[in-house]
Amino acid sequence: MTFADAAASPSRHTVLKAVALLLIGLKLYSLVAVNLVSDEAYYWMWGQHPALSYFDHPPLNAWLIGIADAVFGRGIVQMRMWAVPTFIGTVLIFRSWSRQFGGEDWEGVFWRALVIYLAAPVFGVYSTFATSDHLLFFFILVSAHFLIRYLMAVRAEGKAWLGDLYLGALFMGVAALAKYNTLLYGVALGLYIVASPRLRRLLANPHLYAAALLAIAVASPILIWNIQNGFASFEFHLVDRHDAGFLRAFTWIHIVEFLMQTALTTSPFMMWGLVRFVLSRPSAPFERTAWGLGSWFFWVSSLVFLTVALTQQLFFWWNVSAYVLLLPFLGKAMRSRLLFWGHTLFGTLISVLYVISSSIFPVILLLDRPDPTRTRYYGWNEIELPIRAAIDDLKPDFIATSKWEYASTVGFALDDKDVAAVNPARSEFHYWFDTRAHVGQDALVVLHDERQREVIDAQFETVTLYKEIPIVRFGRELGRYRLYWGENFRPVY
């Protein structure tokens, strides 16, 4: 007997609801308890400098964080508050889709899909943080919700409501304002239409191209910013961030690393379920249409990033959006007890370890292994008073750090948008901080990583240690902030 056979009973639904509730509790705990992530602080800094778009990413997340900060004040919960409505919206879409393809057991399909989603660390926990990902996931789902209805009607040669097409395009544009991955979603939609005999006639429909123009118009702030800044963001993502051997020096090691990281942050059980569903061919109209769009997105995005991984290191989260449109169907596709409970237990364990490591103590340190990512999450709320005391004592012309991560963390801790990252490597700080206007000035320099000391030494005539701030948990030092007095700023960029 499969898990799907047993899951139709009310008692089984009760178990699923209880598990979902526990995972939602973990998600809410993450929202309030996980330490500040440097990326979140970076986006907060963006929100303090309103712009049409930004160097690293599109602007939507920064706009929303800026609004939350202006209305509710500075705080981690205020930054992460937008993850609550996007999660609620995601749940509603999962429920709506389950009703359309789940048959008599649609409720069981829905609850299984929700548990699968919540148990996957990258969706259940990571999408709680104030990064662009939760916005990307949600608005791709919303866009697909309308486009699938439109495409399904076209496939059935029935009356397709143009409102679905234009709403799908509208929210595709909003998704693009969240993250550039939306481009791959748009490419997947186009390829799906071209490859499907029943949809190909849309190529002669002017409304398809009008809808595409609508999506571009919604995303136009990105284009305008890039035109104004020499296409700097596009150049960064397409050229500058890649290694010298990009697409020339091939190696399999990065693909193996990428697949292992993906399996760890989603679960190997979920990845097996995803691939199995992608390779199937559902026959029911809604499921078949959604499968077509979701599968094209999965393959287009995955092949693009696997190609990148042939020549350089790839971050697993670059491809996470490729799975979003398939997740609602896993409640039906992952019907065996082994797949479902294996995923739920594995994913929950990883999620709990991550949350503990990011809010209480980095667990891996107990094994005498380093955890530089998690350890740097600690201490942001302990540096404000010592830094303010140093400012009162030294009266610096400006406050500086060596990298965007630390400048953002210090800026958030002080509620100061003018903290600078004086690093030749380009970041958004290059658009806010005019180095030439500060030549010859003295600065309070905050470092967390002594390996960055050379960046500071190269740009100040003298650098003198002023104070050290150790960050300690349970008697163990996790890191150490150092305050330096830098005299006579001489920028190298």
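In our numbering, the protein residues as written are 305 to 797.
From the three backbone atoms N, C-alpha and C, an ideal C-beta is built for every residue, glycine too.
Remember, it's a predicted structure, so these values are computed and weren't measured experimentally.
Three-state class that DSSP yields for residue i in the structure shown
i, result
"leucine 751", "strand"
"tryptophan 576", "helix"
"asparagine 685", "helix"
"phenylalanine 307", "Caution is warranted here: a pLDDT of 47 is assigned to phenylalanine 307, below 50, making its placement in the model unreliable, and the coordinate value is therefore given only provisionally. Helix at phenylalanine 307."
"glutamate 781", "strand"
"phenylalanine 391", "helix"
"glutamate 461", "coil"
"arginine 483", "The residue you asked about is not arginine; residue 483 is lysine in the sequence shown. Correct three-state label for lysine 483: coil."
"arginine 757", "helix"
"leucine 325", "helix"
"tyrosine 430", "helix"
"proline 676", "helix"
"alanine 269", "An answer regarding residue 269 cannot be provided, because it is not within the stretch 305 to 797 covered by the chain."
"serine 357", "coil"
"tryptophan 736", "coil"
"tryptophan 350", "helix"
"tryptophan 386", "coil"
"isoleucine 371", "helix"
"glutamine 565", "helix"
"valine 319", "helix"
"arginine 592", "helix"
"alanine 312", "In this prediction, alanine 312 scores a pLDDT of 49, lower than 50, which makes its location untrustworthy; no coordinate-derived value is stated."
"proline 690", "helix"
"valine 714", "helix"
"threonine 570", "helix"
"aspartate 343", "helix"
"isoleucine 695", "helix"
"glycine 744", "coil"
"glycine 472", "helix"
"serine 587", "coil"
"aspartate 720", "coil"
"valine 338", "coil"
Per DSSP, the bridge partner or partners of residue i
i, result
"arginine 403", "BP columns for arginine 403 are empty, so no partner."
"lysine 331", "Beta-bridge pairing links lysine 331 to no other residue."
"lysine 771", "Leu787"
"threonine 705", "Ala725, Val750"
"valine 776", "Glu781"
"phenylalanine 793", "Phe764"
Beta-carbon proximity check, residue i vs residue j, cutoff 8 Å
i, j, result
"alanine 374", "phenylalanine 398", "no"
"alanine 345", "phenylalanine 702", "no"
"arginine 777", "leucine 751", "no"
"leucine 798", "isoleucine 420", "No answer is possible for residue 798: the residues shown for the chain start at 305 and end at 797."
"lysine 331", "leucine 439", "no"
"alanine 613", "phenylalanine 554", "no"
"serine 640", "asparagine 485", "no"
"leucine 488", "tyrosine 496", "no"
"phenylalanine 633", "glutamate 591", "yes"
"alanine 387", "leucine 335", "yes"
"valine 413", "glycine 635", "yes"
"leucine 643", "tryptophan 600", "no"
"phenylalanine 793", "glutamine 745", "yes"
"phenylalanine 581", "alanine 637", "yes"
"alanine 448", "isoleucine 369", "no"
"threonine 570", "valine 426", "yes"
"alanine 372", "tryptophan 350", "no"
"proline 666", "threonine 679", "yes"
"histidine 317", "tryptophan 410", "no"
"phenylalanine 573", "phenylalanine 650", "yes"
"proline 362", "isoleucine 528", "no"
"isoleucine 760", "valine 767", "yes"
"alanine 492", "valine 604", "yes"
"phenylalanine 442", "leucine 471", "no"
Heavy atom of the ligand NAP within 7 Å of residue i beta-carbon
i, result
"arginine 504", "The ligand content of the structure shown is nil, which means the ligand NAP is not present either."
* Asked: On the three-pair Cβ rule with 8 Å, is the stretch 503-522 touching the stretch 469-485?
  -> yes
* Asked: Can we say the stretch 347-366 touches the stretch 726-737, given the rule of at least three CB pairs closer than 8 Å?
  -> The stretch 347-366 makes contact with the stretch 726-737: 3 or more CB pairs, one atom from each, lie closer than 8 Å.
* Asked: Should the stretch 645-663 be called in touch with the stretch 327-343, which here means at least 3 C-beta pairs below 8 Å?
  -> Touching, yes, given that three or more Cβ pairs across the two stretches are closer than 8 Å.
* To do: Identify every run of the alpha helix (DSSP H) within the stretch 607-659, keeping only runs that are complete inside it and at least 4 residues long; order them along the chain.
  => Qualifying alpha helix (DSSP H) stretches, in chain order: 634-637.
* Considering only residues of the stretch 510-558, which uninterrupted alpha helix (DSSP H) runs meet the minimum length of 4 residues and lie entirely inside it, listed in chain order? -> 510-522, 524-532, 536-539
* Is it true that the stretch 743-759 meets the stretch 704-716, where meeting means three or more beta-carbon pairs spaced less than 8 Å apart? -> yes
* Looking at C-beta atoms only, is the number of pairs between the stretch 556-571 and the stretch 607-621 that lie closer than 8 Å three or more? -> Enough Cβ pairs lie closer than 8 Å, so yes.
* To do: Inspect the CB distances between the stretch 722-732 and the stretch 688-706 and report whether three or more fall short of 8 Å.
  => yes
* **the stretch 446-465 contacting the stretch 503-515, beta-carbon criterion three pairs below 8 Å** => yes
* Would the stretch 665-683 and the stretch 782-797 be scored as touching if the rule is three or more Cβ pairs under 8 Å? -> yes
* On the three-pair Cβ rule with 8 Å, is the stretch 521-531 touching the stretch 402-410? -> no
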